[in-house]
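2 protein chains.
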Amino acid sequence: MTSMTAEITPQPLIVWRMLQRAQVQITRSLEVELLSAHDLAPAAYDVLLQLSEATGRRLRMNDLAERVLLSRSGLTRLIDRLQRDGLVEREACTSDARGLFAVLTEAGERRLGEATPTYLRAVRGQFLDHLEEEELRQCAAVLTKLFARCSLEAPSDSPGAAGVPAGA
Amino acid sequence: MTSMTAEITPQPLIVWRMLQRAQVQITRSLEVELLSAHDLAPAAYDVLLQLSEATGRRLRMNDLAERVLLSRSGLTRLIDRLQRDGLVEREACTSDARGLFAVLTEAGERRLGEATPTYLRAVRGQFLDHLEEEELRQCAAVLTKLFARCSLEAPSDSPGAAGVPAGA
DNA sequence: CCTAGAAGGTTGTATAAGCACCCACACCTC
DNA sequence: GAGGTGTGGGTGCTTATACAACCTTCTAGG
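Chains as they are written, first to last, in this note's numbering: chain A, 1 to 168; chain B, 1001 to 1168.
Shown next as structure tokens:
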């Protein structure tokens, strides 16, 4: 059993450790698939996805950086790469000369479309498929609670965020 | 349901996205605390922790790399840094001249001891404290299931891992 | 207006991590 | 016991990311 001397890892801590490992391993497997099949890093996929969901398929750099949890400089470089590959473009913001939009291109949309089945397959295969509906609901509840109670920023489409009237 | 136009992100997917964000944000906050208070990156903390839990306070490089989910070269460099700071030492393996042990030093143990309250405070404050016992149990159950059913490698002290006969 | 300061983005630089490759030793077969 | 294969670990190089400093433009106050 886990105890026999002083208990170094109290039970709740183990949950944290498991969570960490699970997340890392799932993410890594996702990364491998996405990279090998579509030459797309997870962060890049995330950018394309966020853009595709945004109105006008465009987002201000700053806004986008927050959504994908990247520093602004990190996003600058990521967009550089995506632009080089023709998946996004930068477009000036007419109402604020400092501002720039990252805009999803046709090619970017296509690439996102190609990659999405891979993405879904990976996430389901490593995660979602192994949970019952009930368990999934529990996860959702727990996570929602965390976002509400910690200072965590919820994803734009989670319950508690704008466009999703929770109980609907 | 969540829909109102075409639902781009089916409900289960949202769980995944929330999980990702939560994990990243918690980890980041943990990193900030650990770095600012103890000049210890999370990976470094993890290494010290694993060593402290190992018998003889030592682990083979390869073994350690697996436990902290780092590539071998990544671990080589991390141990380099920790060794430079006097927190671990390398020690030859008598039974296999190729092998090396990473060994926790006194200083490393001390540093781990200092950092642990910070670590615990962060994990609890961002995560554990916000969940009821019941929710925690649900999380544990879900994660355990994942480790069992996916090809994920469980942490050494989780249920399902070696020295831990689940029900004990 | 003109200036002070804040905000949006990019650039310089540092760091951690991974992959591919390399060397030394171990094991196995003959 | 000599050669081939595999394993443990380290090195060279590339990459993604962060932080800090920077430039430009916007906004407020005088």
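For glycine and all other residues, C-beta sits at the position ideal for the given N, C-alpha and C.
Collapsed DSSP secondary structure at residue i in the structure displayed
i, result
"V1103 (chain B)", "strand"
"V68 (chain A)", "coil"
"A92 (chain A)", "strand"
"R58 (chain A)", "strand"
"F1127 (chain B)", "coil"
"G86 (chain A)", "coil"
"D1039 (chain B)", "coil"
"R1098 (chain B)", "coil"
"P1010 (chain B)", "coil"
"E132 (chain A)", "coil"
"S1073 (chain B)", "helix"
"C150 (chain A)", "coil"
"S52 (chain A)", "helix"
"S1156 (chain B)", "coil"
"G163 (chain A)", "Residue placement at G163 (chain A) is poorly supported in this model, since its pLDDT is 37, which falls under 50; the coordinates are not used for a value here."
Short CB-CB distance (under 8 Å) between residue i and chain A
i, result
"I1079 (chain B)", "no"
"Q1050 (chain B)", "no"
"E1106 (chain B)", "no"
"C1216 (chain B)", "This structure gives no information on residue 1216 (chain B), because the portion of chain B shown stretches from 1001 to 1168."
"V1015 (chain B)", "yes"
"L1064 (chain B)", "no"
Cα-Cα separation between residue i and residue j, rounded to whole angstroms
i, j, result
"A1148 (chain B)", "M18 (chain A)", "12 Å"
"L1078 (chain B)", "G56 (chain A)", "45 Å"
"A1022 (chain B)", "E1089 (chain B)", "35 Å"
"S151 (chain A)", "L40 (chain A)", "30 Å"
"T94 (chain A)", "D85 (chain A)", "25 Å"
"R110 (chain A)", "H1038 (chain B)", "46 Å"
"V164 (chain A)", "A107 (chain A)", "Annotation note: pLDDT 37 at V164 (chain A) (below 50); position unreliable, coordinate value reported separately. Their Cα atoms are separated by approximately 29 Å."
"G160 (chain A)", "K145 (chain A)", "Residue placement at G160 (chain A) is poorly supported in this model, since its pLDDT is 48, which falls under 50; the coordinates still yield a value, given next. Whole-angstrom Cα-Cα distance: 10 Å."
"P1010 (chain B)", "T27 (chain A)", "19 Å"
"R1072 (chain B)", "L87 (chain A)", "34 Å"
"L70 (chain A)", "V1024 (chain B)", "11 Å"
"L59 (chain A)", "E114 (chain A)", "22 Å"
"T2 (chain A)", "D96 (chain A)", "Bear in mind that a pLDDT of 43 at T2 (chain A), under 50, signals an unreliable position, so the number given afterwards is only what the model happens to contain. Between T2 (chain A) and D96 (chain A), the C-alpha separation is close to 59 Å."
"Q83 (chain A)", "L104 (chain A)", "9 Å"
"L131 (chain A)", "V32 (chain A)", "23 Å"
"Q138 (chain A)", "L128 (chain A)", "13 Å"
"A1054 (chain B)", "Q50 (chain A)", "43 Å"
"V1142 (chain B)", "A65 (chain A)", "31 Å"
"D1063 (chain B)", "V1015 (chain B)", "32 Å"
"A1044 (chain B)", "A1102 (chain B)", "13 Å"
"G1125 (chain B)", "R124 (chain A)", "30 Å"
"G1099 (chain B)", "E134 (chain A)", "47 Å"
"A1140 (chain B)", "S1029 (chain B)", "22 Å"
"L1048 (chain B)", "G1074 (chain B)", "15 Å"
Chain-ordered chain A contacts of residue i [CB-CB under 7 Å]
i, result
"L1035 (chain B)", "Simply none; closest approach about 16 Å."
CB contact check: residue i to chain B, cutoff 8 Å
i, result
"L75 (chain A)", "no"
"D157 (chain A)", "yes"
"V24 (chain A)", "yes"
"E153 (chain A)", "yes"
"R84 (chain A)", "no"
"L100 (chain A)", "no"
"L87 (chain A)", "no"
"A6 (chain A)", "Unreliable positioning characterises A6 (chain A) in this predicted model, as indicated by a pLDDT of 48, which lies under 50. A coordinate reading is not provided."
Partner residues on chain B for residue i, Cβ-Cβ distance less than 8 Å
i, result
"E31 (chain A)", "Under the 8 Å cutoff, chain B gives no residues; its nearest Cβ is about 12 Å from E31 (chain A)."
"H38 (chain A)", "Result: empty, since nearest Cβ-Cβ is about 18 Å, beyond 8 Å."
Beta-carbon neighbours of residue i, restricted to chain A and to distances below 8 Å
i, result
"E1135 (chain B)", "Q138, A141, V142, K145"
Proximal residues of chain A, C-beta to C-beta of residue i below 9 Å
i, result
"L1131 (chain B)", "P12, V15, V142, K145, L146"
"R1021 (chain B)", "L69, L143, F147, L152, E153, A154, P155, S158"
Neighbouring residues, chain B, relative to residue i (Cβ below 7 Å)
i, result
"L59 (chain A)", "Per Cβ cutoff of 7 Å: no residues; L59 (chain A) is ~15 Å from chain B at best."
| message | If the cut-off is 7 Å on Cβ atoms, which residues from the stretch 1110-1126 of chain B count as contacting chain A, listed in chain order? | response | Listed by position along the chain: V1123, Q1126.
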